[in-house]
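As numbered in the numbering used here, residues 3 to 148 make up the sequence shown, in order.
Note that CB positions come from ideal geometry on N, CA and C, so glycine has one too.
Keep in mind the model is a prediction, meaning the values are calculated, not measured.
Down below is the structure, laid out as structure tokens.
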Amino acid sequence: MNANSDPSIKIIIPGTLDFLRVVDRASEIVADHMGFGEDEKNAIAISVIEASTNAIQHGCGCNQAKNVVVTYEIEEDLLKVTVLDPGAGFDPTCTKCELDADAAEPRGRGLAIIRSFMDEVAFGFEGGTSVTMIKRKSPASEKTGT
């Protein structure tokens, strides 16, 4: 990495739920390092866990022989996290997009949660399925480091 590039961290985990704690802890450490406030740190960690859970369950079929790659790209004023799995993908327009407090089904809200917590969410379907999430630092975080 040259001196002018932004740092990045890549974690590769087996496609099993047993390793979600690694991703959770890494998300907390990166967000803390960047000076995000507590609410922002929680939003980032929850979003990355939701995306990773989807990748493991749907993209890997909970098969530990398949991998999920989580990449954290650290910039001065934002964090970009990409979760990549080997799955064929899905149609993001056909999934639940809104959180419904009255919904009887407790599952299927991961994308809605991610969209509500992160500033930007994008999907890619080349070479697997990727979810890219961006969280910008709020002006209060930038001034106080919290």
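Exercise. When burial is assigned at 16 or more other CB atoms within 10 Å of the CB, is I14 buried or exposed?
Worked result: Here residue 14 refers to the residue found at position 12 when the sequence shown is read from its first residue. By the neighbour-count rule (16 or more Cβ atoms within 10 Å), I14 is not buried but exposed.
Exercise. Helix, strand or coil: how does DSSP classify K43 here?
Worked result: On the sequence shown, residue 43 is found 41 positions in, with the first residue counted as 1. Reduced to three states, the DSSP call for K43 is helix.
For this session: Would you kindly report the start and end of the unbroken alpha helix (DSSP H) that includes G112?
Result: Translated into positions along the sequence shown, residue 112 becomes position 110. G112 -> alpha helix (DSSP H) spans G112 to F119.
Problem set entry | Cβ-based neighbour list, E122, same chain, cut-off 6 Å, excluding 5 preceding and 5 following | For the purposes of this step, residue 122 is taken as the residue at position 120 of the sequence shown. These residues qualify, in order along the chain: I136.
Exercise. Buried or exposed: C62, going by 16 or more other Cβ atoms within 10 Å of its Cβ?
Worked result: Against the sequence shown, residue 62 aligns to sequence position 60. Under this definition C62 is a buried residue.
For this session: Note down the Cα distance separating V72 from F119, rounded to an integer number of angstroms.
Result: Numbered from 1 along the sequence shown, position 70 holds the residue referred to as residue 72. Numbered from 1 along the sequence shown, position 117 holds the residue referred to as residue 119. Rounded to whole angstroms, V72 to F119 spans 18 Å at the Cα level.
Exercise. What number of angstroms, rounded off, separates the C-alpha of A114 from the C-alpha of P94?
Worked result: As a working note, residue 114 is residue 112 in the sequence shown. As a working note, residue 94 is residue 92 in the sequence shown. Distance between the alpha carbons of A114 and P94: 11 Å.
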